[in-house]
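Have a look at the structure below before the remarks.
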Amino acid sequence: MIPAEPLYKGKAKSVFASENPDELIVVFRNDMTAFNGVKHDQFTDKGKLNATASEFFMKMLESEGIPTHYIRMNSPDTMIVRRLTMIPLEVIVRNVAAGSMTKKYPVTEGTVLDWPIVTTDYKDDERGDPMINDDLIQVLHILNADELKQVKEMALRVNTVLSRFFDECGIRLVDFKLEFGKAGGKIFLGDEVSMDSMRLWDKKTGESFDKDVYRFDKGDVITAYRNVLNRIIPGAGV
Ligand code: ATP
Ligand code: TYD
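Quick note on numbering: the sequence shown equals residues 1 to 238 in UniProt numbering.
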């Protein structure tokens, strides 16, 4: 049973305690936000679509040897996960320049990068999630050198698996954000892998199938999300 009050209510998901102290219940809500919560709306089925994608990718990554927090689905929008002590980093992998990279640096949107890069933001809404580098991560005791190496290697491995898969589905994986956490001294991929946390472009037309549709009013975001699911899970029929 889901408790009445969440332990934590984020911008898009609510996290509840479970009867098992090692597990949490994550409800993917229909809320959609952008620009650190400044833009906010609700869309029917959005939670279910992201939960379905996240379930699909967590299982795929697990089968490729990447430890994830995924345990099972409770209902279409509710995932049971391993309780992690979250590492306060947004680990971003980029294959193609887009979004904040093109605002901050002299590079044009759509430029294919010489190799996939990993950047990190310190996850703290009040501080505006500032960019953080390897030295800061270590001197602030967020991760030690070995853990940092593991996190970056896991992020790049996720990129290899997902990029190859999306390519076969006719989609270009432009960039994405991951969050990691620890349990029993081991590092796991946590949070979500969904259309909210990735940039996905149609390989032929360049059309966006991700949260940019909402961020920049490019069309119907739910149609875009359904499009992704129907391409990645044949017969999903969502
Ligand atoms: P943002 O949107 O910037 O990622 P948020 O906190 O608003 O931040 P939500 O996705 O709405 O994000 O909330 C989910 C919260 O649950 C996040 O704080 C995330 O770090 C945390 N979380 C995800 N997976 C786990 C886990 N396995 N154990 C503990 N906490 C988790
Ligand atoms: P980025 O270009 O840094 O930020 P923005 O989307 O605000 O321009 O985002 C890179 C990728 O990471 C993109 O696919 C969106 C994802 N992301 C999140 O899911 N959450 C976040 O808080 C941030 C900063 C990025």
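Quick reminder that beta carbons are idealized off the backbone N, C-alpha and C, glycines included.
Predicted, not measured: the structure shown is a model, and the values here were computed from it.
Which ranges would you report for the alpha helix (DSSP H) in the segment 9-67 if only whole runs of at least 4 residues count?
Runs found: 46-63.
Tell me which same chain residues have a C-beta within less than 8 Å of the C-beta of M73, skipping the five on either side of it?
When the five nearest sequence neighbours on each side are left out, the beta carbons in the same chain lying within less than 8 Å of the beta carbon of M73 are those of A51, E55, M79, I80, in order along the chain.
Determine the closest residue to E168 out of P234, F16, T44, G128, with distance taken between C-alpha atoms.
Across the set P234, F16, T44, G128, the C-alpha of P234 shows the shortest separation from the C-alpha of E168.
Same chain only: Cβ atoms within 8 Å of N227, ignoring 5 sequence neighbours per side
So the list reads F209, once near-sequence residues are dropped.
Rounded straight-line distance, which links the Cα of E23 to that of T223
Using only the alpha carbons, I get a separation of about 33 Å.
Starting from N230 and walking both ways along the alpha helix (DSSP H), at which residues does that stretch end?
DSSP places N230 inside the alpha helix (DSSP H), whose first and last residues are 221-232.
Taking only the alpha-carbon atoms, compute the straight-line gap between G99 and V151 and give it to the nearest angstrom.
Each residue's CA atom was taken as its position, placing G99 and V151 some 23 Å apart.
What residue does the alpha helix (DSSP H) around T102 start on, and which one ends it?
100-104 is the extent of the alpha helix (DSSP H) around T102.
Cβ shell of I232 (< 7 Å), same chain only, five flanking positions each side left out:
The beta carbon of I232 lies closer than 7 Å to those of F56, C169 in the same chain, with the five residues before and after it left out.
Quick one: Cα of P21 to Cα of T120, how far?
Spanning the two alpha carbons is a distance of roughly 30 Å.
Consider the C-beta atom of I92 and the heavy atoms of the ligand SAH; say whether any pair is separated by less than 7 Å.
As presented, the structure is devoid of the ligand SAH, carrying the ligand ATP and the ligand TYD as its sole ligands.
Continuous beta strand (DSSP E) stretch holding K182: start and end
Per DSSP, K182 belongs to the beta strand (DSSP E) from 171-183.
Just verifying my parser: in three-state terms, what is the DSSP assignment at N74?
Under the three-state reduction of DSSP output, N74 falls in the strand class.
For N95, does the three-state DSSP call read helix, strand or coil?
The answer is strand: DSSP assigns N95 an E or B state.
Under 8 Å between C-beta atoms of R172 and W201:
Yes, these two residues count as a Cβ contact at 8 Å.
Sequence-distant residues of the same chain with beta carbon closer than 8 Å to D124, five excluded per side:
The residues P88, P130, in chain order, have a CB closer than 8 Å to that of D124 in the same chain once the five nearest residues on each side in sequence are set aside.
Return the first residue and the last residue of the beta strand (DSSP E) that L113 is part of.
Note, L113: beta strand (DSSP E), 112-122.
Whole angstroms is fine: what's the gap from A236's alpha carbon to N230's?
Answer to the nearest angstrom: the Cα atoms are 6 Å apart.
Reference D196; option with closest CA among D31, E126, E153
The shortest C-alpha to C-alpha distance from D196 to any of D31, E126, E153 is the one to D31.
How would you write the range of the beta strand (DSSP E) that L200 sits in, first residue to last?
DSSP places L200 inside the beta strand (DSSP E), whose first and last residues are 198-202.
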